[in-house]
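Just so you know, we're using my numbering here: the sequence shown kicks off at 86 and counts up by one. Cβ atoms here follow ideal geometry from the backbone N, Cα and C, with glycine treated the same way. Take a look at the structure set out below.
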Amino acid sequence: MQVVVAVCGRFHGFHLAIALQQHGVLHTLFTSYPAWGASYFGVDRRRVRSLWPVELTRRLPGFFLQRSLSALGLQQFDAWVARNLTEGEVLVGWAGGCLTSLQQAHRLGMKTVVERSSSHIQHQMAILAEEYDRWGLGFEPNSPQAIDRELQEYAQATAIAVPSQFVRQTFLERGFPPTKLLHLPFGVSLTQFHPLPKIDSTFRVMFCGNLSLQKGIPYLLQAFAELNLPGAELWLVGTVLPEIRPCLQKYDREGLRVMGKQPQGQLIRFYAQSSVFCLPSIQDGFGVVIPQAMACGLPVIHTPHTGGPDIVRDGIDGFCVPIRDVEALQAKILYLYENPSVLQEMSQNARQQAQNALSWERYGERAIAAYQNLLLSP
């Protein structure tokens, strides 16, 4: 088996490429990263084809400029992959940027897999529009052209890889056959994320990701502020989107710490000083921060609209709470605050679960098995 991976950006594409490489089945990694950048992460440079100018345009400042250039860059990257794709048995591309290369792969007789890391595009747009409306804000959806292009990718692909049962269900609800959906939960680097000594006894709730409506930040802020737990802290690690600033001002109190965006290599320091991790997302295809937190020994409070139910054993490694449910968030945070022995046990369980089942190596094994099954299908 020879697998071609085409990813504009990085996402989990490099982890996939490395796993394929370790098993001797990576044919080529097409990427917008420079070849030296891919090799820095561990991909054999001889297997890398790079269109690095696209990555430069994706990183320009300014939201609207970046968004339009990113869309153009995706199409340029896709066309470039299609022109250079000449052989292989399986092509793995990322939703929103692989239609032309999918078509070329089919001309070559290849099987194709579209990676969709969030819910079905129409579900994602609908639930986000609903959430923004709840807060009296206008929502800027993807362009109709971009949505139509992605829908064509879904139809063109041999299979669609989804990281969670939540994402899978949004496709099933739109008539996709179960056989077209590959359930492949993401992993975590156990060398990069692991327990470190906690320097104090402060009870800390941690969130990591963009501080946005999509991530459910207003509900977490309200839950923590109203609990008013003596000596407790809430650490919010990530970029603050403008839509969240009014909520931060409303619920500003002692114990709230807004840390801003942090380098990936520094996240372990924040996990290490926290007690519990919380991802109260309204829509989150998976949330790679969940296995990161578990690998660092943190129980996870999450919603069913994440990958939490796929990897967190409810009541053992953490808890699942409904979206937008402030009282449920409060109940679980308070329970762990008042029961340190339970917190310690769940922390150990979370770390063990990460070690046993959540490595990127295990993810790669599942992906390879799924691709092999595709090749055996008519």
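Through-space distance from residue j to residue i, alpha-carbon basis
i, j, result
"Pro280", "Ala357", "6 angstroms"
"Gln415", "Ala308", "5 angstroms"
"Tyr420", "Ser274", "30 angstroms"
"Lys346", "Gly294", "8 angstroms"
"Gln237", "Ser249", "22 angstroms"
"Gln107", "Leu170", "22 angstroms"
"Leu114", "Gly158", "17 angstroms"
"Ala164", "Leu267", "25 angstroms"
"Glu328", "Ser135", "36 angstroms"
"Arg330", "Asp129", "43 angstroms"
"Leu461", "Asn441", "29 angstroms"
"Ser186", "Pro463", "21 angstroms"
"Arg192", "Tyr456", "19 angstroms"
"Glu339", "Val290", "14 angstroms"
"Phe261", "Met210", "18 angstroms"
"Gly382", "Ile103", "25 angstroms"
"Trp137", "Val92", "12 angstroms"
"Thr116", "Val133", "7 angstroms"
"Gly365", "Thr391", "Here the sequence assigns Pro to residue 365, which means Gly is not the residue at that position. Straight-line Cα distance between these residues: approximately 9 angstroms."
"Ser426", "Ile232", "48 angstroms"
"Leu296", "Lys265", "33 angstroms"
"Gly393", "His112", "32 angstroms"
"Ala190", "Arg447", "27 angstroms"
"Glu430", "Arg234", "47 angstroms"
8 angstroms Cβ cutoff met for residue i and residue j
i, j, result
"Tyr125", "Arg95", "no"
"Gly272", "Ser444", "yes"
"Ile353", "Phe292", "no"
"Leu428", "Ser359", "no"
"Val397", "Val385", "yes"
"Leu459", "Ala244", "yes"
"Leu184", "Gly449", "no"
"Val175", "Val198", "yes"
"Met379", "Ala435", "yes"
"Pro389", "Ala439", "no"
"Val88", "Gly182", "no"
"Ile408", "Ile367", "yes"
"Ala246", "Arg201", "yes"
"Val177", "Phe162", "no"
"Val343", "Leu326", "no"
"Ala214", "Pro226", "yes"
For residue i, the residue or residues it bridges with in DSSP
i, result
"Lys265", "Paired residue(s): none; Lys265 is not in a bridge."
"Trp179", "Glu200"
"Leu111", "Val88"
"Met210", "For Met210, which the question treats as bridged, DSSP gives no partner whatsoever."
"Leu364", "His387"
"Ser444", "Val273"
"Leu296", "Val325"
"Met291", "Trp320, Phe362"
"Asp399", "Gly403"
"Arg253", "DSSP lists no partner for Arg253."
"Gly345", "Val322"
Contacts around residue i, its chain only, beta-carbon distance under 7 angstroms, and the 5 residues preceding and following it disregarded
i, result
"Cys525", "Within the shown structure, residues of the chain are numbered from 86 to 463, placing residue 525 beyond reach of any answer."
"Asp395", "Ser249, Gln250, Pro270"
"His205", "Thr255, Phe256, Arg259"
"Tyr217", "Gly223, Phe224, Leu298"
"Leu312", "Gln415, Ile418, Leu419"
"Met195", "Gly173, Glu174, Val175, Leu176"
Residues near residue i in its chain [Cβ-Cβ closer than 6 angstroms; skip 5 each side]
i, result
"Leu341", "Leu319"
"His100", "Trp445"
"His208", "Thr255"
"Val252", "Ser204, Gly370"
"Gly127", "Ile103"
"Leu314", "Tyr422"
"Arg451", "Leu269"
"Ala310", "Tyr336, Arg338"
Which of helix, strand or coil DSSP assigns to residue i
i, result
"Ala317", "coil"
"Phe371", "coil"
"Ala156", "helix"
"Phe77", "Nothing in the structure corresponds to residue 77, since the chain is present only between 86 and 463."
"Cys332", "helix"
"Ile245", "strand"
"Val133", "strand"
"Val139", "helix"
"Gly350", "helix"
"Arg95", "coil"
"Thr116", "strand"
"Pro425", "helix"
"Gly147", "The predicted position of Gly147 is uncertain, since its pLDDT is 49 and thus under 50; no value can be drawn from it."
"Lys417", "helix"
"Leu193", "coil"
"Thr171", "coil"
"Phe309", "helix"
Distance cut-off 7 angstroms: residue i Cβ against heavy atoms of the ligand MN
i, result
"Ser228", "The ligand MN is not among the ligands present in this structure, which contains no ligands whatsoever."
Chain-order list of residues whose beta-carbon lies under 8 angstroms from that of residue i (same chain, five-residue window excluded)
i, result
"His62", "Only positions 86 to 463 of the chain appear in the structure, and residue 62 is not among them; the question remains open."
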